[in-house]
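Letter by letter, the sequence shown follows residues 2 to 886 of the UniProt record's numbering.
Just so you know, even glycine gets a beta-carbon here, dropped at the ideal spot from N, CA and C.
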Amino acid sequence: DRQVYTFGGGVKHDDPRAKDKVITGGKGANLAEMAGIGLPVPPGFTITTEECVKYLAEGGDFSDQLRADVAEALTHIETTVGKTFGNPADPLLVSVRSGARVSMPGMMDTVLNLGLNDETVEGLAATSGDDRFAWDSYRRFVQMYSDVVLGVEHHLFEEALEIAKEDNGYLNDVEMSADDWRRIVKEYKGIVSAELGREFPQDVHEQLWGAIQAVFDSWDSDRAKVYRRLNDIPGDWGTAVNVQAMVFGNMGDTSATGVAFTRDPATGEKAYYGEWLVNAQGEDVVAGIRTPQYLTRAARERAGAKPLSMEEAMPEAYAELAAVFELLEKHYRDMQDIEFTVQQNKLWMLQTRSGKRTAKAALKMAVDMVEEGLIDEATAIKRVDPMALDQLLHPTLDPKAPRDVLGKGLPASPGAASGVIVLDADTAEKRAEMGEAVVLVRVETSPEDIHGMHAAKGILTARGGMTSHAAVVARGMGRPCVSGASGLSIDMKSRTLRMGTRELKEGDLITLDGATGEIMAGEVPTIEPELAGDFATLMEWADRHRRMKVRTNAETPADCRMARQFGAEGIGLCRTEHMFFDAGRISAVRQMILAEDEAGRRAALAKLLPEQRADFQAIFEVMAGLPVTIRLLDPPLHEFLPHGDAEFAELSETIGIGVDTLKRRADELHEFNPMLGHRGCRLGITFPEIYEMQARAIFEAACDVAAASGEAIVPEVMIPLVATRRELQILKKVVDDAAAKVFAEQGRTLDYLVGTMIELPRAALMAGEIAEEAKFFSFGTNDLTQTTLGVSRDDAARFLSPYVEKGIYPRDPFVSLDIEGVGQLVQLGAERGRATYAGIKLGICGEHGGDPASIAFCETVGLDYVSASPYRVPIARLAAAQAAL
Ligand code: ADP
Ligand code: MG
Ligand code: MG
């Protein structure tokens, strides 16, 4: 295979490798592509990524073959341009540019004007008739090459230039004359020989090979390695090298350089967007030395700016550019990010690639392009990153509002929230009940804080990463969260907190931006998300293309309603225990838990029955006949216990049992390893009356709502943490008996399903047997991950991120399913379950139900539905469609 590919100057390749990003890198492939469709691209050649990998592996030697190929390719440039590399009379100059498969900061910076030396600079001056241009180009080259290839620090050059300008009384580079630049070049070369102990290379071939080598070596630079690690880019891709004839944007007022997008990358609007500079080269536009000018007249007028737009100043070159924009969009069928140069009114294209865009823009462009006939629905669906939708579903801070920023943490859960600071969960709940908007501020959160997190508009923690308890729970609840705000300290005694130099107290107003991690004093106004328009259109398309259903994990009528707005087609997981924390009934729950015997428990359960029935009624009403899976009580009982003497005293008062007895019972409930302890169906086995009450509440509620609404309500009763068939058999009977009693009392019957969660490895292995008792399986991948990996999700934050950094797990397995490992159990459970009962309904209800990669896996297993927290429902709808396409 060839390792050097030429482009431009009318070369036609039939070798597909020339336009393959994997071989010639993103930049090289697109340059070849643009040249191929007849766009004005300065001729050049690309050395492949394969050659880079080989060079690095073989310890940095160029092969004779490569030297020969490069010499031949250079001749191609020379004949196309009509100039010779190193010719003192009329030199060819080139740029040397790196270009990996994906655009990658950290790689070598581009070197421009290569091929200049003390002799060729005179030839450039003579042929261009412009001394100043020639010496300006040379000084740029010496600085760039010395910095990028030779490793001389660039500030040395910048200081020398500053001093020269000061001595001359100049403010701007443009005031420098040809002679001034000539003197600067001399000085620059002096800097190089002083720093390196050798002269700046005058041999143009030495210059070229030095630059090629620097590009290859930059693949293994520390900067590049860090970037690759952070972005999951494999180390064995390598980078290509592009060598290309120079065109000059710095040849006076008819020359320019610029960058542009074919549509607005912030809004998605179909309007050219970009910046350019007259008489400038390369990175001047982005370097911030001069203020760039607007591309279009409309943009300039909107901004009220004076310097002419390109449309006005260079109408012909602009018209040509606009035609190129149209052509490129038609060709690539996507918004393009473009780099161009105008040399004496002639346009040259130097780069194109798919442009980065905000979520909002991605959505608008995808929908617009379908309407324009540029792409089909399937392409539109694939083009929007499901996770990016998260940005769009939450209220966001009004970008126009002023912000008094106190500090910053990690953007742990998106959305914006304002409220008064509260420092503990109980206070959060109390103040929220009184109608206040509160922000819960903690050093870190634990499962005991759930009620406070639920009551809060937003959550701020001083410690903890993106997968800390606070972060995971907040994302699940759709609460904005900023975690790990290291500048934050909390003093619980004085109930104050400090952020940087600022002191605040409980009750002060703050605002969190969960998308950026910013923490602000006071209230910053928010704007509501836009769920109609483009969003609705894309979702409709996604719904048409997906096979799996999307349900939600929700247990309050408000969350259910929201999830339905987001398109949920049922409830995949209604966790009944969350209902038990309600202020009005926690004492009955505690009475039930602390009761000495069954009679005591039944008395307490009788108080809970009407409450639970009302819960389920409300949910069945909101869900209007859509499937609802209700999980019977799951957590270890001690999670409900009173905290502290005051709560024990209060409970003793309410239920008439002495404090000492209560405390003794509470001690008896203590467990060393509660997540593997007396929880899930084990509660049902030991205290069947609890599940009996819950089942009764479900069926009574279902009968009531069915009678009132005329809808067919088909409750799905789910038994958690089953490991054996016998457990399910016993508990199914409890549920069936309760159903029979209720139906007899009510004089009506309903269809219902009893099923189980598959969340223990044993359950997955025994799924064939368990399916004899189950009408459905819901893979509870949170616990299944925890039990399969033997990793406690509540303690994992401390060591999981190093695990991910070291590549032990590719991603946090509690966020994205460990497909290799846990995935096997899911697959096996599904297969064995289906083998026993072909009609078994299969779903997933862990955090993973809202994670696109895990959803793609669920599609391959053929699950019937995924269930995600309400805010993840649209993400799941889109991801399920992508998985099906
Ligand atoms: P990056 O990957 O950092 O964008 P590039 O290789 O695209 O680096 O080079 C940066 C800039 O240098 C380009 O946008 C262009 O303005 C300028 N440049 C590169 N090659 C040439 C060339 N052959 N002629 C003129 N300008 C060039
Ligand atoms: Mg570029
Ligand atoms: Mg579980």
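- Taking the Cβ atoms as the reference, LEU398 lies roughly 6 angstroms from THR527, within the contact range of under 8 angstroms.
- Taken through DSSP and simplified to helix, strand or coil, CYS846 comes out as coil.
- By the neighbour-count definition (other C-beta atoms within 10 Å, threshold 16), GLN337 is a buried residue.
- The Cβ atoms of SER222 and ARG552 lie no closer than 7 angstroms to each other.
- For LYS550, the enclosing beta strand (DSSP E) starts and ends at 550 to 554.
- By the Cβ neighbour-count rule, PHE800 is exposed, with fewer than 16 other Cβ atoms within 10 Å of its own.
- CA-to-CA, the gap between PHE582 and HIS452 works out to about 7 angstroms.
- VAL186 places its beta carbon less than 7 angstroms from that of VAL143.
- The beta carbon of PRO875 sits closer than 7 angstroms to the beta carbons of LEU390, LEU394, MET540, PHE567, GLY568 from its chain, once the five residues preceding and following it are set aside; these are given in chain order.
- With contacts defined by Cβ atoms closer than 7 angstroms, ARG499 and SER490 form a contacting pair.
- Taking 6 angstroms as the cut-off, the C-beta of GLN787 does not count as close to any heavy atom of ligand 2.
- A distance criterion of 6 angstroms places the beta-carbon of GLU188 beyond contact range of ligand 2, judged by its closest non-hydrogen atom.
- For SER310, the secondary structure class from DSSP, reduced to helix, strand or coil, is coil.
- Of the candidates ARG632, THR655, GLU701, ASP661, ARG632 places its Cα closest to the Cα of ARG680.
- Relative to ligand 2, the beta carbon of GLU73 is positioned no closer than 6 angstroms to any heavy atom.
- In this chain, ASN173 is not harboured by any beta strand (DSSP E), its DSSP state being neither H nor E.
- Taking the Cβ of GLN352 as the reference point, at least one heavy atom of ligand 2 falls within a distance shorter than 6 angstroms.
- In this structure, THR725 has its beta carbon at no less than 6 angstroms from each heavy atom of ligand 1.
- Separation of ALA33 and THR292 (C-alpha to C-alpha, rounded to the nearest whole angstrom) is 32 angstroms.
- Within the chosen limit of 6 angstroms, ligand 1 reaches the beta carbon of ARG98 through at least one heavy atom.
- Between ligand 1 and the CB of VAL248, the shortest heavy atom gap is smaller than 6 angstroms.
- Counting only residues of its own chain and dropping the five nearest sequence neighbours on each side, VAL54 has a CB closer than 7 angstroms to the CB of ASP237, GLY239.
- By the neighbour-count criterion, in which a residue is buried when 16 or more other Cβ atoms sit within 10 angstroms of its Cβ, GLN66 is exposed.
- DSSP, read as helix, strand or coil, puts SER710 in helix.
- Taking C-alpha positions only, ASN173 is separated from HIS470 by approximately 54 angstroms.
- Distance from the Cα of GLY420 is smallest, within the candidate group PRO762, LEU75, LEU461, for LEU461.
- Boundaries of the beta strand (DSSP E) harbouring LYS506: 503 to 506, taken from the DSSP string.
- Counting along the chain, ARG727 sits inside the alpha helix (DSSP H) bounded by residues 726 to 747.
- Of the candidates ALA306, PHE341, GLU321, the residue whose Cα lies closest to the Cα of GLY250 is PHE341.
- If you compare the alpha carbons of GLU806, ARG727, PHE815 with that of GLU773, the shortest gap goes to ARG727.
- Separation of the CB atoms of ARG591 and PRO643 is rounded to 6 angstroms, and the pair is thereby assigned contact status at 8 angstroms.
- SER817 places its beta carbon 7 angstroms or farther from that of SER793.
- A distance of 7 angstroms or more separates the beta carbons of VAL442 and ALA457.
- Membership of ILE686 in the alpha helix (DSSP H) is indicated by the continuous run 682 to 687.
- In the three-state scheme derived from DSSP, where H, G and I count as helix and E and B as strand, ILE658 is classed as coil.
- Boundaries of the alpha helix (DSSP H) harbouring ILE382: 378 to 384, taken from the DSSP string.
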